[in-house]
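The opening residue of the sequence shown carries number 92 in the working numbering; numbering runs sequentially from there.
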Amino acid sequence: MHHPLEGQSSALGLLRDELGDAVSFDADALDATRRDKSGYESEAAPLAVVTPRTIEHVQAVMRIATATRTPVVVRGAGTGLAGAAVAGAGEIVLSMLAMNRLLEVSRDDELAVVQPGIINAELNDLLAPHGLWFAPDPASRAISTVGGNIATNAGGLLCAKYGVTRESVLGLKVVLADGRLLELGHRTVKGVTGLDFTALMIGSEGTLGIVVEATLRTRRLVPGPVAVISATFASVEDAARASAVITASGLTPAVMELIGESAMVHISNHLGLGHPGGSQLIVQFDGPGALVEADAALTSITSLGGVAVLSGDRAEGERLFALRRAFHPSIARLGTVLIEDVCVPRSALPAMFAAIGDIEQRYGIEIPTVAHAGDGNLHPNFVFEGPEVPDHIWSAADEMFLAALRLGGTLTGEHGIGLLKRRWLRDELGDDQLELQRQVKRVFDPLGILNPGKVFSPAS
Numbered sequence: 092m093h094h095p096l097e098g099q100s101s102a103l104g105l106l107r108d109e110l111g112d113a114v115s116f117d118a119d120a121l122d123a124t125r126r127d128k129s130g131y132e133s134e135a136a137p138l139a140v141v142t143p144r145t146i147e148h149v150q151a152v153m154r155i156a157t158a159t160r161t162p163v164v165v166r167g168a169g170t171g172l173a174g175a176a177v178a179g180a181g182e183i184v185l186s187m188l189a190m191n192r193l194l195e196v197s198r199d200d201e202l203a204v205v206q207p208g209i210i211n212a213e214l215n216d217l218l219a220p221h222g223l224w225f226a227p228d229p230a231s232r233a234i235s236t237v238g239g240n241i242a243t244n245a246g247g248l249l250c251a252k253y254g255v256t257r258e259s260v261l262g263l264k265v266v267l268a269d270g271r272l273l274e275l276g277h278r279t280v281k282g283v284t285g286l287d288f289t290a291l292m293i294g295s296e297g298t299l300g301i302v303v304e305a306t307l308r309t310r311r312l313v314p315g316p317v318a319v320i321s322a323t324f325a326s327v328e329d330a331a332r333a334s335a336v337i338t339a340s341g342l343t344p345a346v347m348e349l350i351g352e353s354a355m356v357h358i359s360n361h362l363g364l365g366h367p368g369g370s371q372l373i374v375q376f377d378g379p380g381a382l383v384e385a386d387a388a389l390t391s392i393t394s395l396g397g398v399a400v401l402s403g404d405r406a407e408g409e410r411l412f413a414l415r416r417a418f419h420p421s422i423a424r425l426g427t428v429l430i431e432d433v434c435v436p437r438s439a440l441p442a443m444f445a446a447i448g449d450i451e452q453r454y455g456i457e458i459p460t461v462a463h464a465g466d467g468n469l470h471p472n473f474v475f476e477g478p479e480v481p482d483h484i485w486s487a488a489d490e491m492f493l494a495a496l497r498l499g500g501t502l503t504g505e506h507g508i509g510l511l512k513r514r515w516l517r518d519e520l521g522d523d524q525l526e527l528q529r530q531v532k533r534v535f536d537p538l539g540i541l542n543p544g545k546v547f548s549p550a551s
């Protein structure tokens, strides 16, 4: 039986001839790729979903795509929050989920070689018996792929001490738009041969090439105690001020998460907990000096009005961070959610929270917000009804982005630009840098078939 779309593009026939059952026209599978976790949904389903099992399969897909000028959207678990992996009419989806193996572990060199479809948390489960772990820790770690983490340069809860994904990637194998395979980076800790194409690929959101293998820098499991502080403040500005004081004092928490007042209410309702009111600051220290650092942080917190409890129990720490990870599910119950992702210098956190509060008042809306306070990364959430973002929500978001830029911040700390933030790219980059970035895109993808329209819009 011939699929009705087959006659519309020779690419589909060529793909099926070369890759067989790795090519799917299943209506449900196609429909699932029209959306990610951002709330955005494309207008129509793509042509096909191809699920490669080898690097050679990926190369074959890209040779066919180049020969037939067919756009390709690379997709992992679909947990992105900027619409970068959303597929639409006339596009082929390259799903990397079947390439999900841990290929090598070296305890001596503290590295691991993985395929892109492996789930972040599952990788750490496999590394633990070797006494190693992969530090990037997005809130979606239980469901997001390492390839997706690389595509967005994902961050998470541990960035302030252990860095974002870029700091944990030594090398990559990347398939280019025309099917060529590049081996980028190295297995050494140091390496400055030529331009750093590895770093360029990380965070490029599928617009420059397809990551088919990654050599990751791992760390030894951290020995010693863990100390966790749970502190309640009357307002989110007070909690932000305390977090800024902690980082300014030279302390280095492994995790410092700030939960705003309305966010705490929704998390409590979602989990069936009582909520005492106010904003929550959760601070964790690890390593040999954990307890000493935690005592110093506790002094700062209480001096600034926080009501705090210090615990050395790892289980209590996990319970608190489960509370934080419940934020997005708790907000998703309220309607359609635009999950945003601005980052400001840590000293500017109180001012950014104040700006969000001002926007809430002027627009008459609630913007539940959490933050990776250790690195100044805020996640304000805009909730609305229906599939389309209303104009007043975009206006409020526009003011929030511009406020972050005024405070010396950035449009996105870890989610990426995708489809949702293209309109603000010029505001941050300026004309010259934006044009240079578009030229780089054309060098790697001269036909514009890799994730077209993502990050760089035709009008940008």
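Beta carbons are placed, not taken as given, at the ideal position from N, Cα and C, and that holds for glycine.
Exercise. Nearest-angstrom Cα distance between G130 and L429?
Worked result: So the alpha carbons of these two residues sit roughly 7 Å apart.
Problem set entry | Stretch-stretch touch, CB-based, cutoff 8 Å, three pairs: the segment 445-462 with the segment 516-531 | Touching, no.
Exercise. Per the contact definition of three or more C-beta pairs closer than 8 Å, is the segment 409-422 in contact with the segment 390-399?
Worked result: Too few Cβ pairs lie closer than 8 Å, so no.
Exercise. Would you say L425 touches the ligand COA, meaning its beta carbon is less than 7 Å from a heavy atom?
Worked result: Within the structure as shown, the ligand COA is missing, as the structure has no ligands at all.
Exercise. Would you report the Cα separation of M153 and D466, rounded to the nearest angstrom?
Worked result: In a straight line, the C-alpha of M153 is about 38 Å away from that of D466.
Exercise. How is the beta strand (DSSP E) around Q375 delimited, first residue to last?
Worked result: From DSSP, the beta strand (DSSP E) with Q375 extends over 370-377.
For this session: Name, in chain order, the residues that DSSP records as bridge partners for N468.
Result: Under DSSP, the beta-bridge partners assigned to N468 are C434, H463.
For this session: Taking the CB atoms as reference points, tell me whether V317 and Q375 lie closer together than 8 Å.
Result: Going by C-beta atoms, V317 is nearer than 8 Å to Q375.
Exercise. Cβ of H506 within 8 Å of Cβ of C250?
Worked result: If you check the CB distance, H506 and C250 do not come in under 8 Å.
For this session: Return the chain-ordered list of same chain residues with a C-beta closer than 6 Å to the C-beta of E476, the five sequence neighbours on each side being excluded.
Result: Excluding five sequence positions before and after E476, the CB atoms of its chain that fall closer than 6 Å to its own CB belong to G426, given in chain order.
Exercise. Is the segment 169-187 touching the segment 134-141 in the sense that three or more CB pairs, one from each, lie closer than 8 Å?
Worked result: Segments in contact, yes.
Problem set entry | Euclidean distance between Cα positions of R271 and I155 | Cα-Cα distance, rounded: 12 Å.
Exercise. At which residues does the beta strand (DSSP E) containing K42 begin and terminate?
Worked result: The question about residue 42 has no answer here: the residues shown for the chain are numbered 92 through 551.
Exercise. Looking only at C-alpha atoms, which of G544, K532, R533, Q530 sits nearest to R513?
Worked result: When only C-alpha atoms are compared, the closest one is G544.
Exercise. Among the residues of its own chain, which have a CB less than 7 Å from the CB of A290, if the five just before and after it don't count?
Worked result: Scanning its chain for C-beta atoms nearer than 7 Å, with the 5 sequence neighbours on each side dropped, one finds around A290 the residues R257, in chain order.
Problem set entry | Three-way DSSP call (helix, strand, coil) for V283 in this model | The answer is coil: DSSP assigns V283 none of H, G, I, E or B.
Exercise. At which residues does the beta strand (DSSP E) containing K264 begin and terminate?
Worked result: Segment 260-266, the beta strand (DSSP E) holding K264.
For this session: State the Cα-Cα distance for the pair A554 and E352, rounded to the nearest angstrom.
Result: Nothing can be reported for residue 554, as the shown portion of the chain is limited to 92 through 551.
Problem set entry | Within the segment 392-424, ranges of the alpha helix (DSSP H) (whole runs, at least 4 residues) | Fully contained in the segment 392-424 are the following alpha helix (DSSP H) runs of length 4 or more, in chain order: 405-416, 418-423.
Problem set entry | Proximity to L382 [Cα-Cα], best of A354, A242, T343 | Nearest option by C-alpha distance: T343.
For this session: To the nearest angstrom, report how far apart I358 and A322 are at their CA atoms.
Result: One C-alpha to the other measures close to 16 Å.
For this session: Check each candidate in L299, A413, A442 and name the one with the smallest Cα separation from L538.
Result: Just measuring C-alpha positions, the residue of L299, A413, A442 sitting nearest L538 is L299.
Problem set entry | N- and C-terminal bounds of the alpha helix (DSSP H) containing L183 | Looking at the sequence itself, residue 183 is Ile, so the reference to Leu does not match. Not the alpha helix (DSSP H): I183 falls in the beta strand (DSSP E), residues 183-186.
Exercise. In whole angstroms, what separates the C-alpha of D112 from that of V184?
Worked result: A straight-line Cα-Cα distance of about 14 Å links D112 and V184.
Exercise. Roughly how many angstroms lie between the CA atoms of G403 and G380, to the nearest whole one?
Worked result: If I take the Cα positions, the gap works out to 12 Å.
Exercise. Closer than 8 Å, CB to CB, is I146 near chain D or not?
Worked result: Structure shown: chain D not included; a single protein chain is present.
For this session: Check the DSSP bridge columns for S197 and list the partner residues they point to.
Result: Note: S197 sits in a beta bridge opposite L202.
Exercise. If you count every other CB in all the chains shown that lies within 10 Å of the CB of A168, and 16 or more means buried, which is it?
Worked result: Per the 10 Å Cβ criterion, buried.
For this session: Could you tell me the boundaries of the alpha helix (DSSP H) in which T338 lies?
Result: Taken as a continuous stretch (DSSP letters only), the alpha helix (DSSP H) holding T338 covers 327-339.
For this session: Sort E328, D122, R310 by Cα distance to P220 and report the nearest one.
Result: The option with the nearest alpha carbon to P220 is R310.
Problem set entry | Buried versus exposed call for H93 [16 or more other C-beta atoms within 10 Å across all chains shown] | For H93, the predicted model reports a pLDDT of 42, less than 50, meaning its position is unreliable; a value from the coordinates is still stated below. Answer is exposed; the Cβ neighbour count stays below 16.
Exercise. By Cβ distance below 7 Å, which residues in the same chain neighbour R107 in space, the five residues on each side in sequence not counted?
Worked result: Once the five neighbours on either side are set aside, the close Cβ partners of R107 are V114.
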